[in-house]
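Residue numbers 0 to 305, in numbering that gives the first Met the number 0, belong to the letters of the sequence shown in order.
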Amino acid sequence: MKHLISVDQVSDRSMLDELISRAERYRKLMSRGVHSDYLANYIIATLFYEPSTRTRLSFESAALRLGAQVISTESASQFSSAAKGETLEDSIRVVSSYCDAIVIRHPEVGSAKRASEVSSVPIINAGDGQGEHPSQALLDLYTIQQERGKIDGCLVTMVGDLLNGRTVHSLAKLLPIFNDVRLTFVSPRELAMPRDLIANLSPQIACREIESLQVALEEKMDILYVTRLQRERFASPQDYARYENLYTITPQIMSQMKDSARVLHPLPRINEIDSVVDNDPRAAYFRQAENGLYMRMAILDSVLSH
Ligand code: NCD
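Take a look at the structure:
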């Protein structure tokens, strides 16, 4: 893997299994307090043009845990030369001469790909607008594997803003690689999965699109993947308000789910999961966020050992 721009680059079962087992190895090493200097002498740059907590800090922590050093621009749209009008391409050309890999988040779809075309070092896409978020999808898979023991055979229900949420785009593209996975998408019609994505998925996998979470619950899903409304992608606050509070995971919803089911969420959560649900052992989203560290160690390691 030279760059990680889209999940299309890891759409091979053996690569996915390898990344998941590498992440698991790092989890075990960390739990025993073993430190790695695998990336000593490497410098990782994180260039974030959009807000982030988990993705940036877990990538930085992953780099530091592997012995690398980190240079970073958060709020790059205000604090980097982008504010002076520099193009993304020029910034990347320059930053790539200062480091060994760049982790980038940018509001435009396709920005990470553009960056990879001019960069002299690997580019890792940490979210390009409504496009993709491949490292999140990989840590989501790792979490499903860890929580259920396997990914094969699971029914995954994704709920929320499926049009604008990039994590669901990447995850939905990866799941058909596993055996007998079924997908149910729950959203208002206007926020449904992008049509081209559905068109690509439907020959490969059983998928269903509905508006009612209550109907989806009858299927007894294994994974309920909840997403927030992507407020920043709506044209106006009124537009956003139309969909606010449409789906909320409450203890009453949880009571209709199997004991073996799990609730995932890429976070941040706004109000789509009642905080009381956090105490339910099936709420896996904080474990999922922790897994981000181990999967990002695995990603940095495999990108830089290329
Ligand atoms: C997601 C993102 O940025 O796409 N956050 C994350 O990286 N965990 C999800 C979101 O912002 O809703």
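Even for Gly, the Cβ is constructed at its ideal location relative to N, Cα and C.
Secondary structure of residue i, DSSP reduced to three states
i: His-2; result: coil
i: Leu-56; result: helix
i: Ala-260; result: coil
i: Val-69; result: strand
i: Ser-298; result: The question names Ser, yet the displayed sequence has Ile at residue 298. The answer is helix: DSSP assigns Ile-298 an H, G or I state.
i: Phe-233; result: coil
i: Val-275; result: helix
i: Val-9; result: helix
i: Arg-26; result: helix
i: Arg-181; result: strand
i: Met-39; result: Looking at the sequence itself, residue 39 is Ala, so the reference to Met does not match. Correct three-state label for Ala-39: coil.
i: Leu-190; result: helix
i: Ala-75; result: helix
i: Ala-240; result: helix
i: Leu-266; result: coil
i: Leu-46; result: strand
i: Ala-283; result: coil
Proximity test, residue i beta-carbon vs ligand 1 heavy atom, cut-off 7 Å
i: Arg-230; result: no
i: Arg-53; result: yes
i: Thr-142; result: no
i: Pro-250; result: no
i: Thr-226; result: yes
i: Leu-266; result: yes
i: Thr-156; result: no
i: Gly-164; result: yes
i: Gln-135; result: yes
i: Gly-126; result: yes
i: His-132; result: yes
Local Cβ density within 10 Å of residue i, reported as buried at 16 or more and exposed below that
i: Lys-1; result: exposed
i: Tyr-97; result: exposed
i: Glu-131; result: buried
i: Val-120; result: buried
i: Ala-171; result: buried
i: Ser-90; result: buried
i: Glu-217; result: exposed
i: Pro-50; result: exposed
i: Ser-110; result: buried
i: Glu-243; result: exposed
i: Arg-286; result: exposed
i: Ala-205; result: exposed
Distance between beta carbons of residue j and residue i, contact taken as under 8 Å
i: Arg-295; j: Phe-58; result: 5 Å
i: Gln-135; j: Asn-290; result: Incorrect: roughly 10 Å between the Cβ atoms, too far for contact.
i: Ser-118; j: Ser-95; result: 4 Å
i: Leu-174; j: Leu-182; result: 6 Å
i: Tyr-246; j: Val-167; result: Tyr-246 to Val-167, Cβ: 13 Å. No contact.
i: Asp-160; j: Gln-229; result: 5 Å
i: Tyr-37; j: Asp-300; result: 6 Å
Taking the runs of the alpha helix (DSSP H) that are 4 residues or longer, which of them lie wholly in the stretch 195-226?
212-216
Unbroken alpha helix (DSSP H) runs of length 4 or more, entirely within the stretch 122-177: which are they?
133-147, 165-173
Mind listing, in chain order, the continuous alpha helix (DSSP H) runs of no fewer than 4 residues lying wholly within the stretch 92-124?
110-117
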